[in-house]
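Participant:
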Amino acid sequence: EAQVTQNPRYLITVTGKKLTVTCSQNMNHEYMSWYRQDPGLGLRQIYYSMNVEVTDKGDVPEGYKVSRKEKRNFPLILESPSPNQTSLYFCASSIRRQGNYEQYFGPGTRLTVT
Amino acid sequence: DAKTTQPNSMESNEEEPVHLPCNHSTISGTDYIHWYRQLPSQGPEYVIHGLTSNVNNRMASLAIAEDRKSSTLILHRATLRDAAVYYCILRDEYTGTASKLTFGTGTRLQVTL
Numbered sequence: 004e005a006q007v008t009q010n011p012r013y014l015i016t017v018t019g020k021k022l023t024v025t026c027s028q029n030m031n032h033e034y035m036s037w038y039r040q041d042p043g044l045g046l047r048q049i050y051y052s053m054n055v056e057v058t059d060k061g062d063v064p065e066g067y068k069v070s071r072k073e074k075r076n077f078p079l080i081l082e083s084p085s086p087n088q089t090s091l092y093f094c095a096s097s098i099r100r101q102g103n104y105e106q107y108f109g110p111g112t113r114l115t116v117t
Numbered sequence: 004d005a006k007t008t009q010p011n012s013m014e015s016n017e018e019e020p021v022h023l024p025c026n027h028s029t030i031s032g033t034d035y036i037h038w039y040r041q042l043p044s045q046g047p048e049y050v051i052h053g054l055t056s057n058v059n060n061r062m063a064s065l066a067i068a069e070d071r072k073s074s075t076l077i078l079h080r081a082t083l084r085d086a087a088v089y090y091c092i093l094r095d096e097y098t099g100t101a102s103k104l105t106f107g108t109g110t111r112l113q114v115t116l
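Read top to bottom, the protein sequences are chains E and D.
Convert by adding 3 to the 1-based position in the first sequence; the result is the number in the working numbering.
Convert by adding 3 to the 1-based position in the second sequence; the result is the number in the working numbering.
(1) Name the DSSP beta bridge partners of SER64 (chain D), please?
(2) Which term fits SER85 (chain E), buried or exposed, when burial requires 16 or more other beta carbons within 10 angstroms of its beta carbon?
(3) In three-state DSSP terms, what is ASP34 (chain D)?
(4) Compare the C-beta of PRO110 (chain E) against all C-beta atoms of chain D and say whether one is closer than 8 Å.
(5) Can you name the residues of chain E whose CB is closer than 9 Å to the CB of TYR49 (chain D)?
(6) Assuming LEU116 (chain D) and GLU48 (chain D) are in contact, meaning their beta carbons sit under 8 Å apart, how far apart are those beta carbons, in whole angstroms?
(7) For CYS25 (chain D), tell me which candidate among D:TRP38, D:THR33, D:SER15, D:SER56 has the shortest Cα-Cα distance.
(8) Here's the rule I'm using: 16 or more other beta-carbon atoms within 10 Å means buried, otherwise exposed. How should GLY61 (chain E) be labelled?
(9) Kindly give me the distance between the Cβ atoms of TYR90 (chain D) and PHE106 (chain D), rounded to whole angstroms, as I take these residues to be in contact under 8 Å.
(10) Leaving out five residues before and five after VAL57 (chain E) in sequence, what residues of the same chain have Cβ atoms less than 8 Å from its Cβ?
(11) Cβ of TYR107 (chain E) within 8 Å of Cβ of SER96 (chain E)?
(12) Restricting to Cα atoms, I'd like to know which of D:ALA86, D:GLY53, D:ILE77 is closest to ILE92 (chain D).
(13) Could you work out which residues of chain D lie near PHE77 (chain E), taking near to mean beta carbons separated by less than 8 Å?
(14) Determine which residues of the region 50-62 of chain D have a Cβ less than 8 Å from any Cβ of chain E, and write them out in chain order.
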């Protein structure tokens, strides 16, 4: 089954404790992204990657890192989480179809930083 | 990417058609119109996209006004499983980043028996 998977789905952590949220897609998509979703603010892009070893900042990259060593994986790293990073996080991968890009989203990771 | 305007919420009865409107008066000639939906406790899901002509797929139809300043997502027979937030998004073919979609607040669709 074609899908985007994220782990963990739920995470509660404390301020300053490094964490990684994994993202994997099995559709051989070149493009991958991370978004965060907060009430009243919609989804905002954190980072994106156009291919292996190619990453760039989205709209809200502060406090986050990413890497793209393999095509299928795009982990999100919080080196020193803070309470304002409490949010719902979505990973997505994209494919070009019929002249434009369709995005496929993972199930989400709900992160709480205390 | 140009801005879209959608109603905050809509209601529909099950098994009736639903027309979800979207205004995008500042759309440019290279903007594609995308629709995504987000079911409760799930990630957004691609529904449909189009440029100028009306589009149909297994999930829905997209009707695009002749001047492209508005569009309508049509669910032909709403079911309880269609209750979700529906997002209308414009994405420029040439300047938009392949990975980026700018989500607004969308329309929350409620479907009742």
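Glycine included, each C-beta is placed from N, C-alpha and C at the ideal position.
Just so we're clear, the structure is a prediction, and the values are computed from it rather than from any experiment.
Facilitator: For this structure:
(1) D:ASN59, D:ILE77
(2) exposed
(3) strand
(4) Chain D, which has a Cβ nearer than 8 Å to the Cβ of PRO110 (chain E), makes this yes.
(5) GLU105, GLN106, TYR107, PHE108
(6) About 23 Å; that fails the 8 Å criterion.
(7) D:TRP38
(8) Classification for GLY61 (chain E): buried.
(9) 5 Å
(10) Result list for VAL57 (chain E): ARG71, in chain order.
(11) Yes, these two residues count as a Cβ contact at 8 Å.
(12) Looking at the Cα atoms, D:GLY53 is the closest of the given residues.
(13) Under the 8 Å cutoff, chain D gives no residues; its nearest Cβ is about 10 Å from PHE77 (chain E).
(14) HIS52, LEU54
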